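S.K.: Quick one: structure below, then a few questions.
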Amino acid sequence: MVGKAVARVPRPGCGAPRGAAVGGTEGSSLVRHLEHSLPGAGVRLAADRWVGDHADGRGVVVLLHGGGQTRHSWRRTGIRLAEAGWVSYAIDLRGHGDSDWHSGGDYSVAALVEDLRKVLVHIRQENPGLPVALVGASMGGKISLIAAGEDTSVAQALVLVDIAVRVEVSGGRRVREFMQSAPDGFASLEEASARIAAYNPHRPRPSSVDGLRKNLRLRGDRWYWHWDPALMRSTDGDDDRPVSPQIYERAKRAAQRITCPVLLVRGQLSDVVSDEGVAEMRELIPHSQVIDVREVGHMVAGDDNDVFTASLIDYLDSSLSARGSSPDISKGTTT
3 MVGKAVARVP RPGCGAPRGA AVGGTEGSSL VRHLEHSLPG AGVRLAADRW VGDHADGRGV
63 VVLLHGGGQT RHSWRRTGIR LAEAGWVSYA IDLRGHGDSD WHSGGDYSVA ALVEDLRKVL
123 VHIRQENPGL PVALVGASMG GKISLIAAGE DTSVAQALVL VDIAVRVEVS GGRRVREFMQ
183 SAPDGFASLE EASARIAAYN PHRPRPSSVD GLRKNLRLRG DRWYWHWDPA LMRSTDGDDD
243 RPVSPQIYER AKRAAQRITC PVLLVRGQLS DVVSDEGVAE MRELIPHSQV IDVREVGHMV
303 AGDDNDVFTA SLIDYLDSSL SARGSSPDIS KGTTT
């Protein structure tokens, strides 16, 4: 799937597993956490794995972040899933967080999908016989959808977080412009925090900026975003067309082949997934369910993480283990 040979460009923290699983490190004596790396298509991908002491074989949940994010955005969700009996993984996509940067700057959708396929082979080997659910936000959802449709055996459930086959140009452009907005970095974490607040004005600002240390890297006397700048030179889109017609058609074909349960969680204030995009998803995947979460935008999981996670667990219980109820978000509507 990857168009050219790749060479590994190691990033800090993306090496061998860091020791054994440790109980209680995530604030709960019931959850064990392991930080390690997984093999992608010629790159190594940093990952977190959480499993509860009383995991009952419900299944595996693979959490994939959006463009410009890291696996750390899923930390609370991963812990909650493990407490509920699921094995959860959160992965840094190539060029993000602690994962390798690709030496040739290949951040195409084809490369990302191939990374996911390689990762899923490894995860299934670690968790034989367990069903796998893919949960992807934005870009992570796009590659999950394509992977699940092109090989219907890779996932037994799919949750798309504010992403659909159709992406609105205005919303996609806004994301891309944010990622391009600070090529020279920031003088301080506070300056970066202000930039994020301007991008997400409806989202409450955290009381401390220390959390940004996971998203920024200090080089010299300036802070830079964690991602490889070559991400912005991807051939899959541009400023006027964030998703190319080829990727749109590929995602559309994949969606039509999906047989597993599918849930689309959309932020009511989203400028990425429109009503037209939802209608198209219903046509392509007639058995899909849709939830609109009120008062949040594109960053649904981050905007209301606890509510989102509770709904996710309910949906997975209902879809895979048949022991839960239908999804219910107190601030949203299900259709």
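With the numbering used here, you'll find the sequence shown wraps up at 337, consecutive numbering, no jumps. Don't be surprised by glycine CBs; every beta carbon is placed ideally from N, CA and C. A quick note: this is a predicted structure, and the numbers were derived from the prediction, not measured.
1) Quick check: what's the CA-CA separation for G138 versus S190?
2) Taking the alpha-carbon of M181 as reference, which of V169, R197 and V167 has the nearest alpha-carbon?
3) D94: buried (16+ other C-beta within 10 angstroms of its C-beta) or exposed?
4) Between G87 and the ligand FMN, is the CB less than 7 Å from at least one heavy atom?
5) DSSP three-state call for R168: helix, strand or coil?
6) Kindly list the residues whose CB is nearer than 7 Å to the CB of A86, restricted to its own chain and excluding five residues on each side of it in sequence; keep chain order.
7) Please state if the CB of L147 and the CB of A281 are separated by a distance shorter than 8 Å.
8) Buried or exposed: which applies to D319, given that a residue is buried once 16 or more other Cβ atoms fall within 10 Å of its Cβ?
9) Thinking just about the alpha-carbon of each residue, which of V211, V33, V167 and E192 is nearest to the one in R82?
10) Apply the 10 Å Cβ neighbour rule to R73 and answer buried if 16 or more other Cβ atoms are within range, or exposed otherwise.
11) Which one of D230, G106, R224 and E37 has the shortest CA to CA distance from S90?
12) Taking DSSP as the reference, what is the three-state secondary structure of D241?
13) Could you name the residues that DSSP lists as bridge partners for Q291?
14) What is the DSSP secondary structure of L83, counted as helix, strand or coil?
15) Measuring straight from C-alpha to C-alpha, what distance separates E179 and V169?
16) For A150 versus V275, is the C-beta distance shorter than 8 Å?
17) Quick check on DSSP: helix, strand or coil for H204?
18) Rank G187, S313 and E193 by C-alpha distance to the C-alpha of G222 and give the top, closest one.
19) Rounded to a whole number of angstroms, what is the C-alpha to C-alpha distance between R126 and V53?
20) Can you tell which of D108, S75 and G59 has the C-alpha that lies nearest to the C-alpha of E128?
21) Can you name, in chain order, every residue of its own chain whose Cβ lies under 6 Å from the Cβ of R207, other than the five neighbours on each side?
22) Just to confirm before moving on: does the CB-CB distance between V292 and R268 stay below 8 Å?
23) Cα-Cα, which of D294, H104 and S195 is closest to D277?
24) Would you mind stating whether A92 and L122 have Cβ atoms separated by less than 8 Å?
25) Distance check for S75 and P288, CA to CA, integer angstroms please.
26) How big is the Cα-Cα spacing for V171 and V115?
27) Once you ignore the five residues that flank L233 on each side, which residues in its own chain have a CB closer than 6 Å to its CB?
M.R.: Concretely, from the data shown:
1) 31 Å
2) R197
3) buried
4) Absence of the ligand FMN from the depicted structure is noted, as is the absence of any ligand whatsoever, leaving it without description.
5) coil
6) I315
7) no
8) buried
9) V33
10) buried
11) E37
12) Its pLDDT being 43, under 50, D241 is placed unreliably by the model, and nothing is read from it.
13) L265
14) helix
15) 15 Å
16) no
17) coil
18) G187
19) 15 Å
20) G59
21) A199
22) yes
23) D294
24) no
25) 30 Å
26) 22 Å
27) G97 and Y109
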